[in-house]
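So the protein lines, in turn, are chains F and S.
Heads up: the first sequence begins at 188 in the working numbering, then just goes up one per residue.
Heads up: the second sequence begins at 188 in the working numbering, then just goes up one per residue.
Even glycine gets a Cβ: it sits at the ideal position worked out from N, Cα and C.
Number of protein chains: 2
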Amino acid sequence: MALIVQKYGGTSVASVDRIKSIAEKIITFRDQGDDVVVVVSAMSGETNRLTALAHDMMSQPTPRELDVLLSTGEQVTIALLSMALENRGYGARSYTGTQVRILTDSAHNKARIKEIDGTQIHAQLEQGRVVIVAGFQGVDALGNITTLGRGGSDTTAVALAAALQADECQIYTDVKGVYTTDPRVVEGARLLFSITFEEMLEMASLGAKVLQIRAVEFAGKYKVPLRVLSSFEEGPGTLITLEENTDMEDPAIAGIAFERDEAKLTVSGVPDIPGIAYKVIGPVSEDGIEVDVIVQNVGEDGSNDITFTVKRAESDRARAILDRIATALKAREVSQDNKICKVSLVGVGMRSHAGIASKMFKALADENINIQIITTSEIKISVVIEEKYLELAVRALHSAFELGDPENGAGSSSA
Amino acid sequence: MALIVQKYGGTSVASVDRIKSIAEKIITFRDQGDDVVVVVSAMSGETNRLTALAHDMMSQPTPRELDVLLSTGEQVTIALLSMALENRGYGARSYTGTQVRILTDSAHNKARIKEIDGTQIHAQLEQGRVVIVAGFQGVDALGNITTLGRGGSDTTAVALAAALQADECQIYTDVKGVYTTDPRVVEGARLLFSITFEEMLEMASLGAKVLQIRAVEFAGKYKVPLRVLSSFEEGPGTLITLEENTDMEDPAIAGIAFERDEAKLTVSGVPDIPGIAYKVIGPVSEDGIEVDVIVQNVGEDGSNDITFTVKRAESDRARAILDRIATALKAREVSQDNKICKVSLVGVGMRSHAGIASKMFKALADENINIQIITTSEIKISVVIEEKYLELAVRALHSAFELGDPENGAGSSSA
Numbered sequence: 188m189a190l191i192v193q194k195y196g197g198t199s200v201a202s203v204d205r206i207k208s209i210a211e212k213i214i215t216f217r218d219q220g221d222d223v224v225v226v227v228s229a230m231s232g233e234t235n236r237l238t239a240l241a242h243d244m245m246s247q248p249t250p251r252e253l254d255v256l257l258s259t260g261e262q263v264t265i266a267l268l269s270m271a272l273e274n275r276g277y278g279a280r281s282y283t284g285t286q287v288r289i290l291t292d293s294a295h296n297k298a299r300i301k302e303i304d305g306t307q308i309h310a311q312l313e314q315g316r317v318v319i320v321a322g323f324q325g326v327d328a329l330g331n332i333t334t335l336g337r338g339g340s341d342t343t344a345v346a347l348a349a350a351l352q353a354d355e356c357q358i359y360t361d362v363k364g365v366y367t368t369d370p371r372v373v374e375g376a377r378l379l380f381s382i383t384f385e386e387m388l389e390m391a392s393l394g395a396k397v398l399q400i401r402a403v404e405f406a407g408k409y410k411v412p413l414r415v416l417s418s419f420e421e422g423p424g425t426l427i428t429l430e431e432n433t434d435m436e437d438p439a440i441a442g443i444a445f446e447r448d449e450a451k452l453t454v455s456g457v458p459d460i461p462g463i464a465y466k467v468i469g470p471v472s473e474d475g476i477e478v479d480v481i482v483q484n485v486g487e488d489g490s491n492d493i494t495f496t497v498k499r500a501e502s503d504r505a506r507a508i509l510d511r512i513a514t515a516l517k518a519r520e521v522s523q524d525n526k527i528c529k530v531s532l533v534g535v536g537m538r539s540h541a542g543i544a545s546k547m548f549k550a551l552a553d554e555n556i557n558i559q560i561i562t563t564s565e566i567k568i569s570v571v572i573e574e575k576y577l578e579l580a581v582r583a584l585h586s587a588f589e590l591g592d593p594e595n596g597a598g599s600s601s602a
Numbered sequence: 188m189a190l191i192v193q194k195y196g197g198t199s200v201a202s203v204d205r206i207k208s209i210a211e212k213i214i215t216f217r218d219q220g221d222d223v224v225v226v227v228s229a230m231s232g233e234t235n236r237l238t239a240l241a242h243d244m245m246s247q248p249t250p251r252e253l254d255v256l257l258s259t260g261e262q263v264t265i266a267l268l269s270m271a272l273e274n275r276g277y278g279a280r281s282y283t284g285t286q287v288r289i290l291t292d293s294a295h296n297k298a299r300i301k302e303i304d305g306t307q308i309h310a311q312l313e314q315g316r317v318v319i320v321a322g323f324q325g326v327d328a329l330g331n332i333t334t335l336g337r338g339g340s341d342t343t344a345v346a347l348a349a350a351l352q353a354d355e356c357q358i359y360t361d362v363k364g365v366y367t368t369d370p371r372v373v374e375g376a377r378l379l380f381s382i383t384f385e386e387m388l389e390m391a392s393l394g395a396k397v398l399q400i401r402a403v404e405f406a407g408k409y410k411v412p413l414r415v416l417s418s419f420e421e422g423p424g425t426l427i428t429l430e431e432n433t434d435m436e437d438p439a440i441a442g443i444a445f446e447r448d449e450a451k452l453t454v455s456g457v458p459d460i461p462g463i464a465y466k467v468i469g470p471v472s473e474d475g476i477e478v479d480v481i482v483q484n485v486g487e488d489g490s491n492d493i494t495f496t497v498k499r500a501e502s503d504r505a506r507a508i509l510d511r512i513a514t515a516l517k518a519r520e521v522s523q524d525n526k527i528c529k530v531s532l533v534g535v536g537m538r539s540h541a542g543i544a545s546k547m548f549k550a551l552a553d554e555n556i557n558i559q560i561i562t563t564s565e566i567k568i569s570v571v572i573e574e575k576y577l578e579l580a581v582r583a584l585h586s587a588f589e590l591g592d593p594e595n596g597a598g599s600s601s602a
């Protein structure tokens, strides 16, 4: 007898048949005696269809009206899923964001949840009904419909789980859970039994995009046990928890994340004076370009190299900005390298395990992979390398840290 | 400077282009300085698409969930029309039934409006915005989404006009207004400049289905001036008013309505005892069959003939019921005629003009059309005749009452 919040995304509710099979999945939980609150997205393709209609009306649709329009997508799904359950003899009731009263701020298209009223949901659960809530949407204090932005249904689910004090929040996706690394790159990538919120945030932001970062942050903040699992295959998925696995045998590393399509820009020979980094990075950020890794080296001659990475698609724009400001900066040279990538080891165990970094560098050196940049945080070590070595580097690290071999007892989990 | 409520149906908002041209129409009123509140239906085809999805889920969709589903249709239209106006530089704001707070009872799929809160709408109008309201939907006291049933957008518009004390409620359709009779039957059918609510109710229920009867009743009750006009062509349309045209020259007749696909059933030779009509009609009505004209004649021998009409599609079911109860009724005979139709003269002027009935009967006799049944009300005379005479009868009456000839000064209006 647990209270479970489940979230199903657009591909899980893409058709009448898929909605019916989601209903069957919910029914297995009901039959076990669990109380179930379900959050659903719009049927896949629907949000794009509505967005296209809006753009037929005006190039920049009025944000308030766009929310009125887009929120219909989830409203359709909640009604259909509710009917699918009722058709099987299971009581169900649908709620829009307005009806639950998922109170948000008034930032249309990217609203943030402020408060959720759980009264009605609890009342329905007590009457034995499944409660189905429209994801991605809320209502502001004035009664205007708001949306949380793309992927916001994950956030809705986590916020609801927090408000209802659910025992678990289950996010159903098209993957079986979180892997040690991308299984398309490393054949032996292993499904993690559990991962901490911090690790998950680093894995997600580094490219293993299973969950919306906001939802993970939210779950961490409110201590909601979060599980990622597949809509289409059976399996326990991956549990995202607060607690670090304290098993002595537990390895330091949870997984390996990577980012393709990066580019590196270097401004060389700028004077070593206070504020120089800001003078280089500032104009780039202000132009809306996301800057990732930043390193600064002061040479013996007192001059300075500042290197940073950006998305490859934005590197030419960044380069143009640097060329424009180079003279004012008294820079010797601006250079650009579009053929790089970033590979990161992630694991809370790094805090207590020594020698992780040197083991990483040795594994890469053994493959003759040259490291161009190194950055570290408490639970992550990232290296920037030539793009052509990406797969080789990930496989070498996966093997060196024995992430793929549970038999050996060296895996990070016992899934 | 008037406050106008306009309603546009599904075909008027069927596509992006049509929504844009509706926006232009609204703009002409704004440019004249009028305040405009617009009620829209779902884009044509959308309600059917959603209904089909619901039926894929269950054969009899849960009424509450069906309302959650169907109400999205109008919600899409209000957002798009609002964007179309904003794109042209005219302030606009959309409201769902819940957002306005169109309070209804809880009879899902066929809810009735109880109260409308005009506060927000007035506030938006004062700020110079066009207010766009989703038709056909409301919210019950518990916050559940309700719908008024098909065609309910007309009712929304009239109810809003009443609540806002609008100067006029304009219903835009795909016809130019209300005609003296169906222009497909009588080439010279003339657009009426005005018609009273009572006449409109008789015209509508008798087959000239331009407006939902409920909306007309509502408008009459709350004294809302109602105008029917075309979305696609310019023109003043037809005004539906409380006041009878008191012009001395005004004819008695507003128009000629007719009903095809009727059938007549007669139970002959039943005893002339109290309650016999109920014993005949009761079982038919209780089976959900709509009974229209009813006449009873007592013969000199004290026996009784009871005749009534039903929709032809239901006549066999009605016949089977009569056959079953004939013995208990001690009826001599049950007979059925599927080849009849009904033609009606409608006009409030009948009250003060003598000789209308005899003029009608003469016109039909001149064409050798035999009248099978006559029924009269204060503002209507209906005859049941053989179906094959329908067009002939309508044309003969249209001509006899000079409905089609404004030159003659005998038309009911001066459009």
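Query, Result
"Where M435/S and G542/S are concerned, what is the direct C-alpha to C-alpha distance, given to the nearest angstrom?", "Here the model assigns M435/S a pLDDT of 48, short of 50, so the residue's position is not dependable, and the following value carries that caveat. Distance between the alpha carbons of M435/S and G542/S is about 16 Å."
"List, in order along the chain, the chain F residues whose C-beta lies closer than 7 Å to that of M270/S?", "A241, M244, M245, P248, T249, E252"
"Hey, is the region 452 to 464 of chain F in contact with the region 505 to 514 of chain F, meaning 3+ C-beta pairs nearer than 8 Å?", "yes"
"Chain F partners of T290/S, CB-CB under 8 Å?", "Position check: residue 290/S holds Leu in this sequence, whereas Thr was assumed. Near L290/S there are no residues of chain F at all, since even the closest Cβ is about 14 Å away, more than 8 Å."
"Kindly indicate if chain S contains any beta-carbon less than 9 Å away from that of I265/F.", "yes"
"Chain S beta carbons: is any one of them nearer than 9 Å to that of Q314/F?", "no"
"Restricting to Cα atoms, I'd like to know which of P248/F, L253/F, E273/F, V362/F is closest to I214/F.", "E273/F"
"Using CA coordinates, which residue listed in F495/S, L351/S, Q523/S is at the minimum distance from A507/S?", "Q523/S"
"Which residue from T367/F, S586/F, E578/F, L516/F puts its Cα closest to that of K549/F?", "S586/F"
"Which residues in chain S have a C-beta closer than 7 Å to the C-beta of S281/F? List them in chain order.", "E252, V255"
"Taking DSSP as the reference, what is the three-state secondary structure of A321/F?", "strand"
"Within the continuous alpha helix (DSSP H) that includes D492/S, where are the two ends?", "That residue, D492/S, is in no alpha helix (DSSP H); its beta strand (DSSP E) goes 490 to 498."
"Would you please verify whether the beta carbon of E293/F is less than 9 Å from any beta carbon of chain S?", "What sits at residue 293/F in the sequence shown is Ser, not Glu. Chain S contact via Cβ: absent."
"Mark G442/S as exposed unless 16 or more other C-beta atoms lie within 10 angstroms of its C-beta, in which case mark it buried.", "buried"
"Which first and last residues belong to the beta strand (DSSP E) in which A279/S is found?", "279 to 282"
"Quick one: list the residues of chain F neighbouring Q262/S, beta-carbon separation under 8 Å, in chain order.", "V255, L256, S258, T259, Q262"
"Measuring CB atoms only, is the region 237 to 252 of chain S touching the region 215 to 224 of chain F, in the sense that at least three cross pairs come out at less than 8 Å?", "no"
"Below 8 Å between beta carbons is the criterion; list the residues of the region 354 to 377 of chain F that meet it against any residue of chain S, in chain order.", "none"
"Run down chain S in chain order and give the residues with a C-beta less than 8 Å from the C-beta of N296/F.", "Those do not exist, as N296/F stays about 13 Å from chain S at its closest Cβ, beyond 8 Å."
"Can you pull the chain S neighbours of N130/F, defined as C-beta to C-beta under 7 Å?", "Chain F is shown only over 188 to 602; residue 130/F falls outside these bounds and no answer can be derived."
"On the CB-based measure, 16 or more other CB atoms within 10 Å of its CB, does Q193/S come out buried or exposed?", "buried"
"Cα-Cα, which of E386/S, D218/S, K212/S is closest to M188/S?", "D218/S"
"Determine whether the Cβ of G611/S lies closer than 9 Å to any Cβ atom of chain F.", "Absent from the structure is residue 611/S, since the part of chain S shown begins at 188 and ends at 602."
"Reducing DSSP to helix, strand and coil, say where N525/F ends up.", "strand"
"Are the beta-carbon atoms belonging to V530/S and F419/S less than 9 Å from one another?", "no"
"By Cβ distance below 8 Å, which residues in the same chain neighbour R280/F in space, the five residues on each side in sequence not counted?", "S269, Q311, R316, V317, V318, I319"
"With a cut-off of 9 Å, does the C-beta of N331/F fall near any C-beta of chain S?", "yes"
"For the alpha helix (DSSP H) holding L351/F, just list the boundary residues, first then last.", "339 to 351"
"Please determine, among I440/S, L590/S, A450/S, Y409/S, the residue with the shortest C-alpha to C-alpha distance to D354/S.", "Y409/S"
"Comparing the C-beta of V203/F with each C-beta of chain S, is any distance below 9 Å?", "yes"
"When you compare the CB of K207/F with every CB in chain S, is at least one pair closer than 9 Å?", "yes"
"Under three-state DSSP, which class holds F405/F?", "helix"
"Any heavy atom of the ligand PLP closer than 8 Å to the CB of V397/F?", "Judged by which ligands are present, the structure shown has none, so any question about the ligand PLP falls away."
"Can you tell which of S293/S, S340/S, D361/S has its C-alpha closest to the C-alpha of L329/S?", "S293/S"
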